[in-house]
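Report on the structure given below.
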Ligand SMILES: NC(=O)c1ccc[n+]([C@@H]2O[C@H](COP(=O)([O-])OP(=O)(O)OC[C@H]3O[C@@H](n4cnc5c(N)ncnc54)[C@H](OP(=O)(O)O)[C@@H]3O)[C@@H](O)[C@H]2O)c1
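Numbering (full-length UniProt numbering), first residue to last: 1 to 321.
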């Protein structure tokens, strides 16, 4: 079982969890069930992943079969951009909880600091980025309005902890001025090509736990045929990473994951292959020498894959600009 990190909300969060993005609906319930069987306790979901019903089915089966109790799981979900208007937050959380078949999230995050016009779930769910066709339609909700609604979820028992994702320092400084409940976690893209040291420094100083996503860098984005992902050497195949892996007699993937956890982050790798799931969970079982951590950190090139403009036919929403 993975070690835990103490959140500023007082709860313990497993340091190694399981990512649910791009887990196909057809296999999702089985994948979640198997992940629980192999020892995962944290599941990182989202409205946008379009598979929360199936995730919940996997959880329900695991609980029914006595593999785990609800309180032993740490279930994370996220608020999609079209639900940022204050009055939209609670109803959509309730729908997401119903989809999962649970009555609280352990952690609920603002997925992106982008407020888009509301799309009713009966019209399209998950709503995605576009209002219709290629049109991106902003909403007027400020992050303060959304965060205040997020805070009310804690009081109502719908989320034990709340946090943010894809936020950068300037907006975090602003949020901390008015937050009555501070974000427990910040979830960010983090891999050796995107080390984000200053953002990590800020999070550490402010007591915000950081979760890394897309820990293998370009690997997760090849299927979108993103040119800058395709052109780069896959981190798992990189010669230096391979050499470090050989030194510890571990797969390169475990080195990439351990580099993140040794930097104090939580990780949420996704794999639908059972031996790989197990291997990713085992990445916590060895230590890299400080010099190897430093060598990997020196890979930094500031290359980001998960930004809205990479997914659109037209360039819009430069939120990391
Ligand atoms: N907040 C956000 O905006 C955001 C954005 C992106 C991701 N996330 C979260 O973070 C999670 C992880 O990120 P991710 O899904 O982008 O990427 P990831 O976990 O870095 O990698 C996923 C890809 O690598 C493969 N893989 C996994 N473990 C491997 C290993 N040990 N060796 C070789 N290949 C391996 C997987 O394929 P197979 O399944 O075929 O094994 C998959 O194609 C997501 O599932 C999601 O929960 C959040």
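C-beta atoms are modelled at their ideal positions from N, C-alpha and C, and glycine is treated no differently.
Kindly identify the DSSP beta-bridge partner or partners of residue i.
i	result
residue 130	Per DSSP, none; premise fails for residue 130.
residue 6	12
residue 179	Answer is none; residue 179 lacks a bridge partner.
residue 19	44
residue 203	BP columns for residue 203 are empty, so no partner.
residue 163	109
residue 185	209
residue 31	DSSP lists no partner for residue 31.
residue 74	42
residue 191	194
What does the Cβ neighbour count give for residue i, buried or exposed, with the cut at 16 atoms within 10 Å?
i	result
residue 25	exposed
residue 213	buried
residue 270	buried
residue 16	buried
residue 111	buried
residue 114	buried
residue 135	exposed
residue 229	buried
residue 250	buried
residue 261	buried
residue 210	buried
residue 289	exposed
residue 14	buried
residue 142	exposed
residue 314	exposed
residue 89	buried
residue 165	buried
residue 192	buried
residue 207	exposed
residue 294	exposed
residue 43	buried
residue 309	exposed
residue 3	exposed
residue 238	buried
residue 254	buried
residue 51	buried
residue 233	exposed
residue 222	exposed
residue 45	buried
residue 225	exposed
residue 318	exposed
Give me the Cβ distance between residue i and residue j, rounded to the nearest whole Å; I'm assuming they're in contact under 8 Å.
i	j	result
residue 316	residue 184	Wrong, their Cβ atoms sit about 31 Å apart, outside the cutoff.
residue 218	residue 305	6 Å
residue 323	residue 80	There is simply no residue 323 to check, as the chain begins at 1 and stops at 321 in what is shown.
residue 32	residue 272	Their Cβ separation, rounded to whole angstroms, is 10 Å, which puts residue 32 and residue 272 out of contact at 8 Å.
residue 107	residue 161	5 Å
residue 100	residue 59	7 Å
residue 86	residue 145	5 Å
residue 202	residue 172	6 Å
residue 257	residue 241	That pair is no contact at about 11 Å.
residue 41	residue 73	6 Å
residue 159	residue 104	6 Å
residue 216	residue 186	Between residue 186 and residue 216 the Cβ distance is about 20 Å, and since that is not below 8 Å, they are no contact.
residue 117	residue 138	7 Å
residue 154	residue 300	Their Cβ separation, rounded to whole angstroms, is 35 Å, which puts residue 154 and residue 300 out of contact at 8 Å.
residue 61	residue 29	7 Å
residue 95	residue 121	6 Å
residue 140	residue 109	In fact, because the Cβ distance is near 22 Å, the residues do not count as touching under 8 Å.
residue 199	residue 188	7 Å
Is residue i near ligand 3, in the sense that its beta carbon is under 6 Å from a heavy atom of that ligand?
i	result
residue 77	Annotation note on ligand 3: not contained in the displayed structure, which lists ligand 1 as its ligands.
Point to revise | Sequence ranges, beta strand (DSSP E) only - wholly within the region 205 to 287, length at least 3 | key: 209 to 213
**Study point:** Continuous beta strand (DSSP E) assignments of at least 3 residues falling wholly in the region 78 to 157
**Key:** 105 to 110
Point to revise | Contiguous alpha helix (DSSP H) assignments of at least 4 residues, all confined to the region 290 to 316 | key: 290 to 297
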